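Under our numbering, the sequence shown has 114 at position 106, and the numbering climbs by one with no breaks.
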Amino acid sequence: MATTNISITVNGRQHDLLVDEKETLLEVLRDRFDLTGTKNACSYGACGACTVVADNEAVKSCLLKPEKYNGKNILTIEGLADGNNLHPIQDAFIKAGAIQCGFCTPGFVMSLYALFTNNLDASDDEIKAVLEKHICRCTGYEFIWDAAKLAQKMLKER
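Below, the structure is given as C-alpha cells:
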C-alpha cells in the first residue's frame with residue numbers, strides 16, 4: 009500500500025498528513041477531520057453531494073486522489089459560515105425553503121459559492137449549468153433555483 013505525505017489547508021487550517029493512494033479527499037474530510045457535511049452518495053462523481061471548493065473551484069471530492077489536493081486550499085460547508093452567522097447562500101437556501109431533507113444541500117451550496125465567487129454576475133444559463141450537476145431526490149428543483157437566484161441577489165447587495 010503506497011502512501012504519500014501531503015499538505016492541505018481545510019477551512020483555513022493547514023494540515024500535514026500521510027494518506028493512502030486509494031483514499032479520496034472525501035474520505036480524508038469525513039474520516040480524519042470529521043467534516044461530515046460533505047456527503048458520500050454515489051462515489052463516482054455523478055450526484056454532486058460530495059462537492060467542496062478547492063482553490064475557488066467546485067470539485068467532486070469523491071473523485072480526487074491525494075496528488076490532486078496536495079497544496080490546495082479546501083473549503084467545506086463547515087467552513088462557509090462565520091461563527092453563528094450563515095453565509096448568504098446558506099441563508100438563501102433557508103429563506104427559499106430549499107432545504108428539504110438536507111442531504112444534497114451542502115453540495116449545491118458549495119457549487120454556487122464557487123460560481124458566485126468567480127462570477128457574481130453569472131447568467132441564468134450558467135447558474136442552471138451548475139445546478140444540473142447535482143441530484144436532489146426530494147424536490148422539483150424550483151426551490152433550489154429560487155435559492156440560487158436569491159443568493160446571487162443577496163451577495164450583490166452586501
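Ideal Cβ positions, reconstructed from N, Cα and C, are used throughout, including at glycine.
Just so it is clear, the structure is predicted and the values come from calculations on it, not from any experiment.
With distances taken Cα to Cα, identify the nearest neighbour of residue i among the options.
| i | options | result |
| --- | --- | --- |
| G105 | V67, E75, I82 and E150 | E150 |
| C146 | T59, I102, G110 and A10 | G110 |
| A155 | D90, L120, K30 and C58 | L120 |
| D28 | M9, T46 and F41 | M9 |
| Q108 | D132, L128, D133 and G148 | G148 |
Taking just the CA atoms, how far does residue j sit from residue i?
| i | j | result |
| --- | --- | --- |
| N81 | C70 | 17 Å |
| N48 | A122 | 20 Å |
| A130 | L72 | 26 Å |
| N126 | N64 | 7 Å |
| V18 | A62 | 9 Å |
| G115 | D24 | 25 Å |
| A137 | K30 | 30 Å |
| E140 | G56 | 9 Å |
| Q22 | T84 | 14 Å |
| K164 | R40 | 36 Å |
| T177 | M118 | Outside the shown range of the chain, which is 9 to 166, sits residue 177, and nothing can be said about it. |
| D90 | G20 | 12 Å |
| N92 | Q98 | 12 Å |
| R166 | P96 | 9 Å |
| F124 | L158 | 12 Å |
| S15 | T32 | 14 Å |
Excluding sequence positions up to five away, which residues of its chain have a Cβ less than 6 Å from the Cβ of residue i?
| i | result |
| --- | --- |
| L26 | T11 and N13 |
Can you tell me where the alpha helix (DSSP H) holding residue i begins and where it ends?
| i | result |
| --- | --- |
| Q98 | P96 to K103 |
| V176 | Lying outside 9 to 166, the shown extent of the chain, residue 176 is not represented and no answer is given. |
| I135 | D132 to L139 |
| S119 | T113 to N126 |
Which residue marks the beginning of the beta strand (DSSP E) containing residue i, and which one marks its end?
| i | result |
| --- | --- |
| Q22 | R21 to D28 |
| V61 | T59 to A62 |
| S15 | T11 to V18 |
| I82 | N81 to L83 |
Residues in its own chain within less than 8 Å of residue i by CB, not counting five upstream and five downstream?
| i | result |
| --- | --- |
| G53 | K68, C70 and L71 |
| I102 | L94 |
Can you list, in chain order, the residues of its chain whose CB lies under 7 Å from that of residue i, leaving out five sequence neighbours each side?
| i | result |
| --- | --- |
| I152 | A106, F116, L139 and C144 |
| G87 | N19 and G20 |
Closer than 8 Å is the cut-off here; do at least three beta carbon pairs connect the stretch 34–49 with the stretch 63–79?
They touch, by the three-pair rule.
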